[in-house]
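Each residue of the sequence shown is one higher than the one before, starting from 1 at the first, in this note's numbering.
Below: the structure, in structure tokens.
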Amino acid sequence: MTTTEPVTGKGNTVPPRRMSLPGDPEDVLIDDACRDLRLPAFRERFVELADTARRDQHTYKQFLLDLLQVERADRELRRQQRLIRAARFPRPKRLEDFDFEKNPNVTPEVVADLKSPGWVRDGRPLVLIGDSGTGKSHLLIGVGTAIAEAGLSVRYTTTSALVNELAEADAGRRLSSVIARYSKVDLLCLDEFGYLNLDRKGAKLLFQIFTEREERKATAVATNSPFAEWDKTFGDPRLCAAIADRITFRCTLIQTGTESYRFQATTAEHTGTTS
């Protein structure tokens, strides 16, 4: 028994080819029905699959199953694409493209485990610590992309952008609605954590986000500051301790090191050019 393979795959989408209708009245009616019922994959592929079924002598049930599988694969892909767009990643990054050889501090097995959404459903944090150019943002976006493809909601933002959004919402008396919106996201990816020093108000606003999400929703942060230096970011030692406690409790910690492989690649490129 032969089934038609989906034309889509994670990270490599092949758009279906629209089959021209041969003019058969039944094909026209099927096309119209698919449009009305919002079955785009049916509409794109039914002529092709009908020809295949006729040639390979498929049963009616097998032909129907082929159509259903195509539609289901298409809907799953569209859902993944919607979730990835909703995450607002600044650029596309995938875990499969991370160069573990250039950053031996990062363990492939640990990163592979993060592709499974179990830790997100458990509300466990992820902390990525390392200097600039060591792959933190790549891992953060790659993990977020994998979780979105697994069907969960993801939101990416930088710490400064989030604090500014919260401050504007507070000034406009919309803070509760913004916090509620962020509290519903399955995975919050917070980049550039600790890059800028926050005033007390900004730190308190950020603390509310972590409090709302604590042990219910997962938060992943990427920072270039070790834990001992977080008090410089938040100013208030007690507030810093409270935020650190919420981020690190049951967290997965990945230290990406201090050697920038972006700088290594630039140095190698210039060396190769001048030699």
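Every residue gets a Cβ at the ideal spot worked out from N, C-alpha and C, and that includes glycine.
Computed from a prediction, not measured in an experiment: that's the story for all the values here.
Residues of the same chain with a CB within less than 7 angstroms of the CB of Trp-230, apart from the 5 flanking positions on each side, are Gly-194, Cys-240, Ala-244 in chain order. In its chain, beyond the 5 residues on either side, Gly-194, Thr-233 have a beta carbon closer than 7 angstroms to the beta carbon of Ser-225.
Within 10 angstroms of the beta-carbon of Leu-206 lie 16 or more other beta-carbons, which makes it buried.
If the five residues before and after Leu-39 are omitted, its C-beta is found closer than 7 angstroms to the C-beta atoms of Glu-71, all from its own chain and listed in chain order. In the three-state scheme derived from DSSP, where H, G and I count as helix and E and B as strand, Ala-222 is classed as strand. Look at Val-154 here: in three-state DSSP terms it is strand. Distance from the CA atom of Phe-63 to the CA atom of Arg-75, rounded to whole angstroms, is 19 angstroms. A contact between stretches requires three or more CB pairs, one per stretch, nearer than 8 angstroms, and the region 122 to 140 fails this requirement with the region 163 to 180.
With respect to Trp-119, Ala-218 sits close: the two C-beta atoms are nearer than 8 angstroms. For Thr-258, the closest alpha carbon among the candidates Glu-26, Arg-55, Leu-29, Asn-105 is that of Asn-105. Assigned with DSSP and collapsed to three states, Leu-128 falls in strand. For Cys-189, the pairing in a beta bridge is given by DSSP as Tyr-156, Ala-220. With respect to the 8 angstroms criterion, Val-143 and Ala-203 are not classified as neighbours on the basis of their beta carbons. Between the C-alpha atoms of Leu-140 and Ala-222 there is a straight-line separation of about 7 angstroms. Beta-bridge partners of Gln-255 (DSSP): Ile-129.
Leu-152 and Leu-187 have their C-alpha atoms roughly 8 angstroms apart.
Judged by beta-carbon spacing, Leu-190 lies within the 8 angstroms limit of Leu-162, meaning their Cβ atoms are closer than that value.
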